[in-house]
Amino acid sequence: MIQVKDLTFSYTGKPFIQNMNFNVEKGEIFGFLGPSGAGKSTLQKILLGMLPGYEGSATVGGAECKKHNSDFYQSIGVDFEYSTMYEKLSARENLGFFSSLYKRKVRNIDDLLASVGLENDADKRVSDYSKGMKSRLNFIKALIHDPELLFLDEPTSGLDPTNSRLMKDMVLEEKKRGKTILLTTHNMQDATELCDRVAFIVGGQIYALDTPHNLIMSKGAAKITYSWIDGSEQTATCELDAVSGDEKLRQLIAENRLQSIHSSEPTLNDIFIEITGRTLV
Amino acid sequence: MRFRNLLAWDMRFQARYGFYLLYGFLTIFYMAVLFALPSSVKSKVAAMLIFSDPAAMGLFFMGAIVLLEKSQRVTSFMAITPIKAFEYVSSKVLSLNAIALVVAAVLSIVSGTKSLGLALFGTFLAGSVFTLFGVIVATKTSSLNQFLLLTIPVEIFGFVPAILHLFGVSGVWGRIYPASACMEMVAGSGISVIGILLTLILIGFLAYAACRCVEKMWQEQGGVKI
Numbered sequence: 000m001i002q003v004k005d006l007t008f009s010y011t012g013k014p015f016i017q018n019m020n021f022n023v024e025k026g027e028i029f030g031f032l033g034p035s036g037a038g039k040s041t042l043q044k045i046l047l048g049m050l051p052g053y054e055g056s057a058t059v060g061g062a063e064c065k066k067h068n069s070d071f072y073q074s075i076g077v078d079f080e081y082s083t084m085y086e087k088l089s090a091r092e093n094l095g096f097f098s099s100l101y102k103r104k105v106r107n108i109d110d111l112l113a114s115v116g117l118e119n120d121a122d123k124r125v126s127d128y129s130k131g132m133k134s135r136l137n138f139i140k141a142l143i144h145d146p147e148l149l150f151l152d153e154p155t156s157g158l159d160p161t162n163s164r165l166m167k168d169m170v171l172e173e174k175k176r177g178k179t180i181l182l183t184t185h186n187m188q189d190a191t192e193l194c195d196r197v198a199f200i201v202g203g204q205i206y207a208l209d210t211p212h213n214l215i216m217s218k219g220a221a222k223i224t225y226s227w228i229d230g231s232e233q234t235a236t237c238e239l240d241a242v243s244g245d246e247k248l249r250q251l252i253a254e255n256r257l258q259s260i261h262s263s264e265p266t267l268n269d270i271f272i273e274i275t276g277r278t279l280v
Numbered sequence: 000m001r002f003r004n005l006l007a008w009d010m011r012f013q014a015r016y017g018f019y020l021l022y023g024f025l026t027i028f029y030m031a032v033l034f035a036l037p038s039s040v041k042s043k044v045a046a047m048l049i050f051s052d053p054a055a056m057g058l059f060f061m062g063a064i065v066l067l068e069k070s071q072r073v074t075s076f077m078a079i080t081p082i083k084a085f086e087y088v089s090s091k092v093l094s095l096n097a098i099a100l101v102v103a104a105v106l107s108i109v110s111g112t113k114s115l116g117l118a119l120f121g122t123f124l125a126g127s128v129f130t131l132f133g134v135i136v137a138t139k140t141s142s143l144n145q146f147l148l149l150t151i152p153v154e155i156f157g158f159v160p161a162i163l164h165l166f167g168v169s170g171v172w173g174r175i176y177p178a179s180a181c182m183e184m185v186a187g188s189g190i191s192v193i194g195i196l197l198t199l200i201l202i203g204f205l206a207y208a209a210c211r212c213v214e215k216m217w218q219e220q221g222g223v224k225i
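Protein chains in written order, with numbering that gives the first Met the number 0: chain A, 0 to 280; chain B, 0 to 225.
As structure tokens, then:
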């Protein structure tokens with residue numbers, strides 16, 4: 000669905016995106032992870048055909064992004080992080096307007112509104128919506144023309160846990176329907192849960208690209224942390240595959256003095272920091 | 000089909016934001032003014048009213064419309080729809096001209112014009128020029144105050160020569176100046192073929208510039224304070 004080869008882009012003469020290479024297969028959820036200013040939005044703009052001044056190649060659905068025609072957008076849906084609605088119109092009117100711009104068969108507006116729990120607020124002005132309601136409306140607006148490729152920018156940002164779960168389930172449902180999804184996020188939990196593969200982007204370069212599971216397993220072994228009382232509470236950590244060699248742990252078990260013991264594996268966030276030396280802020 | 004939908008929705012937005020209601024009241028007010036005037040000055044006052052308000056409304060309202068769309072980030076979404084910049088600009092020009100033509104028709108009839116078609120053609124050309132200027136300035140500005148400030152030169156070069164021409168205070172070149180040529184048609188006092196040609200060339204140039212400005216605005220995807 001997407002092929003990026005030797006992609007380089009600059010705003011000012013100094014390369015901002017440097018020699019980037021990756022492919023995204025049809026039906027895949029692919030995540031871009033990186034701190035602010037890493038180049039994620041620029042990469043998204045290039046793939047959306049909005050920054051034609053790049054070198055190398057970036058194709059979406061076989062079309063070179065800088066040479067696209069307006070039909071290019073018939074099969075692309077974008078969920079921006081912020082609301083992109085006419086505030087004085089209702090949700091139903093906004094969806095009606097945006098759906099009228101496509102020649103593809105559009106999805107049923109009432110069904111989409113019901114899918115994100117907005118069926119009872121369909122005729123309310125968007126200006127009266129809460130931030131979470133606007134996020135949900137923005138998301139279904141990206142789906143209105145049933146696009147083959149979806150760009151999602153922080154789709155769970157500002158949502159409560161219930162609606163965040165609802166949104167993630169909808170993203171997975173779109174994947175089941177064969178849609179290709181590009182997810183840009185700071186949220187490592189979402190990325191781990193949703194993405195088939197992720198790319199760590201910092202300073203316009205891809206530092207790592209693999210499945211979340213492989214990244215976690217390749218860079219960090221699982222550990223156990225245990226505690227005991229020795230005057231005050233003490234803690235120690237050892238690698239899971241070296242437990243039998245930990246004399247202190249064996250002694251505490253033998254003396255039944257363990258206060259707590261739990262295993263943990265590194266999160267995608269830990270791996271990101273280890274690989275890139277940066278935090279996701 | 001897409002363009003027709005865009006045009007229909009633009010007119011719907013304008014109705015929702017009260018443009019039609021506002022021009023309904025203004026038309027009644029202008030009619031009352033014209034009825035109160037002696038017939039000797041009626042046609043000239045009607046021409047001034049038509050030229051300075053319904054014909055020029057695009058200049059002011061484009062600022063409000065485009066800045067509103069920018070502040071609500073709708074322009075960010077427009078950039079990734081199949082809409083072309085030319086369709087976006089044309090829809091704005093035609094939807095605002097529709098209101099201008101209705102108001103101009105009513106005022107022309109009340110003023111007793113004998114050349115309604117000519118008055119409407121002049122209104123359409125002037126309306127297109129002013130609206131296109133409005134699009135260009137609005138895409139380059141980030142607040143309503145900035146927009147109003149930057150439209151002052153357009154108002155000076157658009158209104159002053161045309162009003163002077165209406166009252167016969169213009170040189171031999173006055174008739175070919177686009178604003179004056181439009182004013183002449185609005186007043187039903189004549190047709191300058193060269194003036195119309197120059198106006199059409201100006202519209203072509205402005206339409207091209209407006210499309211480029213819209214494409215750039217879509218690329219930038221910025222929000223603004225209004």
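Built from N, CA and C at the ideal position, the CB exists for glycine as well. Note that the structure is predicted; figures quoted are calculated from it, not measured.
Range covered by the beta strand (DSSP E) that runs through residue i
i	result
T179 of chain A	179-184
F31 of chain A	28-32
M19 of chain A	14-23
S114 of chain A	That residue, S114 of chain A, is in no beta strand (DSSP E); its alpha helix (DSSP H) goes 108-114.
T11 of chain A	From DSSP, T11 of chain A is part of no beta strand (DSSP E); its letter is neither H nor E.
K222 of chain A	222-229
Terminal residues of the alpha helix (DSSP H) in which residue i lies
i	result
N4 of chain B	1-15
S40 of chain A	39-46
N137 of chain A	130-142
Q250 of chain A	246-253
E214 of chain B	192-219
Q188 of chain A	187-193
A45 of chain B	38-51
A57 of chain A	Note, A57 of chain A: premise wrong, no alpha helix (DSSP H); beta strand (DSSP E) at 54-59.
G157 of chain A	That residue, G157 of chain A, is in no alpha helix (DSSP H); it is neither H nor E in DSSP.
Straight-line gap, residue i to residue j (C-alpha atoms, nearest Å)
i	j	result
V223 of chain B	C212 of chain B	For V223 of chain B, the pLDDT reaches just 42, beneath the cut-off of 50, and the residue's location in the model is therefore unreliable, leaving the point undetermined.
L248 of chain A	E232 of chain A	15 angstroms
Y29 of chain B	Y22 of chain B	10 angstroms
G55 of chain A	F199 of chain A	20 angstroms
S179 of chain B	G170 of chain B	11 angstroms
G61 of chain A	G48 of chain A	13 angstroms
G173 of chain B	H164 of chain B	6 angstroms
K139 of chain B	S98 of chain A	28 angstroms
T130 of chain B	L149 of chain B	14 angstroms
S42 of chain B	K113 of chain B	10 angstroms
I79 of chain B	L267 of chain A	31 angstroms
L25 of chain B	Q145 of chain B	26 angstroms
M56 of chain B	F85 of chain B	20 angstroms
S243 of chain A	L214 of chain A	26 angstroms
P177 of chain B	L147 of chain B	22 angstroms
L112 of chain A	E183 of chain B	54 angstroms
A121 of chain A	S69 of chain A	30 angstroms
F8 of chain A	V92 of chain B	36 angstroms
S241 of chain B	P53 of chain B	No answer is possible for residue 241 of chain B: it lies beyond the span of chain B, which begins at 0 and ends at 225.
L115 of chain B	L42 of chain A	55 angstroms
M84 of chain A	E63 of chain A	29 angstroms
Residues of its chain near residue i, where Cβ-Cβ distance is below 8 angstroms and the 5 sequence neighbours each way are ignored
i	result
M10 of chain B	S94, A97
G62 of chain B	G133, V136, A137, T140, L143, F146, L147, T150
S89 of chain A	A121, D122, K123, R124, V125
Spatial neighbours of residue i in its chain, beta-carbon cut-off 6 angstroms, leaving aside the 5 residues before and after
i	result
L50 of chain A	K44
I1 of chain A	V23, V59
G157 of chain B	A178
V201 of chain A	G33, A37, T275, R277
L117 of chain B	M184, G187
N162 of chain A	G131
Nonlocal neighbours in the same chain, by C-beta distance under 7 angstroms from residue i, ignoring five residues either side
i	result
L158 of chain A	G131, S134, M166
K87 of chain A	R124, S126
F194 of chain A	First, the residue type needs correcting, since residue 194 of chain A is Cys and not Phe in the sequence shown. I28, F29, G30, L182, P211.
Y101 of chain A	Q73, H144
L257 of chain A	Y225, W227, L251
S110 of chain B	L33, K41, S42, A45
Minimum length 3: unbroken beta strand (DSSP E) runs contained in the segment 102-163 of chain B: none
Residues within the segment 63-74 of chain A neighbouring chain B, beta-carbon criterion of under 7 angstroms: S69, D70, Y72, Q73
Residues, ordered as in the chain, of the segment 66-82 of chain B that lie near chain A by beta-carbon distance below 7 angstroms: Q71, R72, V73, S75, F76, A78, I79, T80, P81, I82
Residues, ordered as in the chain, of the segment 12-32 of chain B that lie near chain A by beta-carbon distance below 9 angstroms: F12, R15, Y16
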